[in-house]
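Numbering (mature numbering (1 follows the signal peptide of the UniProt record, and there is no 0)) for the sequence shown: -24 to -1, 1 to 738.
Quick reminder that beta carbons are idealized off the backbone N, C-alpha and C, glycines included.
First the structure, in the form of structure tokens, and then the observations on it.
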Amino acid sequence: MQLNRVTKGILFACACMTSGQLLAENSNSESVTDELQFDTLVISAQKVTPKQQMFGTVGAVSSVGEEKQMRSLDSVIRALPGTFTNINPTQGTVSVNIRGLSGFGRVNSMIDGVPQTFYGTSSNSSSRYHQEEGGYGPSSSFGAMIDPNFLARIDIKRGGSNHGADGINALSGSANMRTIGVDDVVMEGNRVGVLSKLSYGSNGIGPNGMLALGGKYSLAEHNTLGAFFAYSGSKSKANYKRGDGSYSGENDYVRRLDQKPESWLSKIEWNTEAQKLLLTGRGYRNNVGGRDTKNKSYALDYEYNPTSDLVNLKLLASTNRSDQIYHDDANIWLLTKAKTRNQADYIDLNNSSIFHFGEADLSLNYGVNLLKNKYVKNATGIDQDNEVYTPFAPKGKQSLRSGYITSDLNYKDFGVKAGLIYTDSVTRGYKPPCDVSNINNTIIPSNCTPVGAAHMKLTAKALMPSITFSYKVSDWFEPFVSYSRSMRVPNIQEIFFSNEGAGSMNPFLKPEYARTVEVGFNTKKENVWVNDDFLGIKLVGYQRQMKDEIYSDSFYMDPNIGLTNKLTDDVLPSFHAQMYRNALDKLNHRGVELDFNYDAGFVFANLAYSYQKSQLPPDVTATVSTGFGTTSVTEMPKHTATLTLGGRLLDKKLELGSTFKYTGRSKRYLPSGLQVEDSDLLQELPKMPIIIDFYTTYQLNKNVLLKMSVQNLMNRNYVDALNSLNSTSSQLTGVDSNDNYVYSFSNAARGRTYLVGAEIRF
């Protein structure tokens, strides 16, 4: 198979390169606990990078430090094994996809340890229902509002590696995006500091800049107080030149997609020998998709760590508010003057203890966790029915109360890590009265229960165990095997979906469950071929079985048999409910993930490869023609690979590198929307070429770093995978002589793009 030959060729080329004659740079190794530690932004050749750290951590984990190549945040995440993103240009957010699953509850996306619950819904691109004329209808997705300039690192945990608070309501895994701290702004030995990032890109990328000012003072021995404030802003255009020389502005899908986000970040840090206190404030605002989006978040982190193995107490408390305010000329089908708000309050309290039993060490982490999540919306319909029958945003309350414990036992070279999570969830929402229809003087109620209006309270409880065994044979080989059970509760917009009012709501939705088995090994070795080089390999294979998977399906009303998902001649033409349901069959997923890193100082190579095969039923609510754009395809391409090759010159001040990105076949929802016939809703996208990016950085001195990048170096024309705009009606060009739909694939990505930038610290 050609696809396998390409993959094997990449692996062989990488292996040959690393076995050649290499020159080295010292890359000292340091011990790493299972919890990936926070690094400073500046990672010299003498420090272990976040990526190298995870090769000493058992399980399917990945990390990436500060971005130096001027890639987009989506590109950074997609370069990790088993990890992808769902791109929705109408949202201005990042939506992490782990092993083919995405969204709140399936992936626990966090910023500084705080779960992100924002559910964005864009407006119609121009006109109203069924009159898009090549534009797009509303689309929705969960996502995190974060400025990439503020990120110091990203930690990914997949499957059985997701223990503790990160594993709560996280079916497939977690992604924690960590922001910069005082030490990233104020250089060591200084009392004040400035961190500035500047860049400019061609082909619609535009200017991008961040400025942070901070100070750090020693109040006494082992007692410091620091603070900083940072502001960031950028501009980008949706009209760009594609690889074939045409411009995206020739398509109507670019309407309302120019972006000008602004954000700020502030922290106050107080540190003593036994205590740490961190206060964080963060804000973000953007104008995209026909509305203003705003986010404000405030958090308190406290840690008490006296000279005792029994006490390491940590408290995290936060409040997070996200708003959408739609423009006066924007509408969601026949709704106008719309507003939404999401308020999420979060608290986590945990303690760690360490016990020593001869040659055995046992560490315990145990805690309690509470997340309260509330969605509010307001809109005006042209007719009163529009408000009842147009689902554009969730409305309701959700709370998750959890307790967890994780144990890590190590005896000589053996390791056993076990975890247990208990979650008790409550979801509340309003269900209007059920509709009735008069057929032959007979009143037929629709499917909903109870018949009258009701404020619903739905509960779910679950116990989720996990266990991992490992044995370190040597630095070359540390095998491990794990088993885990994970769960996510139904989301509010799934339970109370209202395209047929109460008739499309389903208060009987059950939580999704997944059982995951993983087998793999780590290699973390120094001085392999030359002095002080570093070799890291992580290979993981997994098998996941999902039970009660939640998806949306079409249901009709048959006067003879009642509710049915079979389209017959007897169904009522006025009733078509797009209802969320649990899959009757168990769904199996499997895959292989490879992470490879070699660094000899003068030469380096990174390879991330993923193979995945998934069973995911399509969501009928995802279509934007007769559906509501509630999600997009989340099934990852069967094969993905990212290979980076490079070297360092001039005493390692100059770094040159190229990235080769391979993406296998992917799918999109049909642009024609939902068909009343039993037809496939999915369509395969054209084959993507290998995309090559080039970058270079030059450390002028300790204060100035210069950067340059060429993205899509070969100017290839391609349609990016898992982009929601691949499915808009702009991709439907008409019908042929046989009345078959004719589709296009004109939602092409940017062609060759140049970027220059600099980082200044003093």
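Cα-Cα separation between residue i and residue j, rounded to whole angstroms
i: R261; j: Y274; result: 15 Å
i: V364; j: A355; result: 11 Å
i: C410; j: V427; result: 5 Å
i: T256; j: N693; result: 42 Å
i: P183; j: M522; result: 44 Å
i: residue 739; j: D159; result: In the structure as shown, the chain begins at -24 and stops at 738. Residue 739 is therefore absent and cannot be evaluated.
i: P662; j: S460; result: 36 Å
i: H106; j: E476; result: With a pLDDT of 45 at H106, under the threshold of 50, the predicted position of this residue should be treated as unreliable, and no value is reported.
i: D389; j: T97; result: 51 Å
i: Y585; j: K614; result: 11 Å
i: Q29; j: S39; result: 8 Å
i: V568; j: T639; result: 15 Å
i: S311; j: G710; result: First, the residue type needs correcting, since residue 311 is Leu and not Ser in the sequence shown. Roughly 28 Å between the two C-alpha positions.
i: K313; j: F31; result: 51 Å
i: L(-22); j: A55; result: Residue placement at L(-22) is poorly supported in this model, since its pLDDT is 40, which falls under 50; the coordinates still yield a value, given next. Using only the alpha carbons, I get a separation of about 18 Å.
i: L174; j: L681; result: 10 Å
i: I301; j: P65; result: 17 Å
i: G605; j: I330; result: 49 Å
i: N341; j: K407; result: 41 Å
i: S550; j: A478; result: 15 Å
i: Y112; j: S608; result: 13 Å
i: Q319; j: N536; result: 45 Å
i: E463; j: A490; result: Looking at the sequence provided, one finds Met at residue 463 rather than Glu. Taking the straight line joining both Cα atoms gives about 6 Å.
Under 8 Å between C-beta atoms of residue i and residue j
i: Y380; j: N349; result: no
i: L619; j: P57; result: no
i: E132; j: T59; result: A quick correction: the sequence has Ile, not Glu, at residue 132. Yes. Within cutoff.
i: Y645; j: L658; result: yes
i: Y719; j: L708; result: yes
i: D546; j: D534; result: yes
i: M555; j: F572; result: no
i: residue 739; j: F118; result: Since the first residue of the chain shown is -24 and the last is 738, residue 739 is not available in this structure.
i: I308; j: N100; result: yes
i: T597; j: F473; result: yes
i: L347; j: S375; result: yes
i: V458; j: E488; result: It should be pointed out that residue 458 corresponds to Ser in this sequence rather than to Val. Going by C-beta atoms, S458 is not nearer than 8 Å to E488.
i: M46; j: M153; result: no
Assigned secondary structure, residue i (DSSP; H/G/I helix, E/B strand, else coil)
i: K27; result: helix
i: S700; result: helix
i: E279; result: strand
i: P124; result: helix
i: N215; result: coil
i: R377; result: strand
i: S224; result: helix
i: R82; result: coil
i: Y597; result: Note that residue 597 corresponds to Thr in the displayed sequence, not to Tyr. Three-state DSSP puts T597 in a helix.
i: F721; result: coil
i: N199; result: strand
i: E164; result: coil
i: D575; result: strand
i: G41; result: coil
i: R726; result: strand
i: L49; result: helix
i: N179; result: coil
i: N(-21); result: Annotation note: pLDDT 49 at N(-21) (below 50); position unreliable, no value reported.
i: N386; result: strand
i: S137; result: helix
CA nearest to the CA of residue i, picked from the options
i: E660; options: D715, G202, D561, N699; result: N699
i: M432; options: I537, L563, G405; result: G405
i: A438; options: V392, N467, E454, K486; result: K486
i: L676; options: P26, W452, D669, L626; result: L626
i: A576; options: W505, R641, P549, T540; result: W505
i: D299; options: L289, R317, T200, G140; result: R317
i: E197; options: R134, M153, R232, W246; result: W246
i: E454; options: P665, F551, K501; result: K501
i: A725; options: G479, Y674, M664; result: M664
i: D123; options: L187, N73, R75; result: L187
i: N507; options: Y574, G165, M684, G113; result: Y574
i: N327; options: Q319, N288, R154; result: N288
i: D561; options: N716, Y527, A293, I323; result: Y527
Check: Curious, which full-length beta strand (DSSP E) runs of at least 3 residues does the stretch 497 to 547 contain?
Finding: 510 to 523, 526 to 534, 538 to 540
Item checked: Uninterrupted beta strand (DSSP E) stretches inside the stretch 423 to 475 (no shorter than 3 residues) -> 430 to 447, 454 to 464
Note to self: Quick check for students: name the residue ranges of the beta strand (DSSP E) that lie wholly in the stretch 307 to 357, counting only runs of 3 or more.
What the structure shows: With a minimum length of 3 residues, the continuous beta strand (DSSP E) runs that stay inside the stretch 307 to 357 are 311 to 333, 336 to 357.
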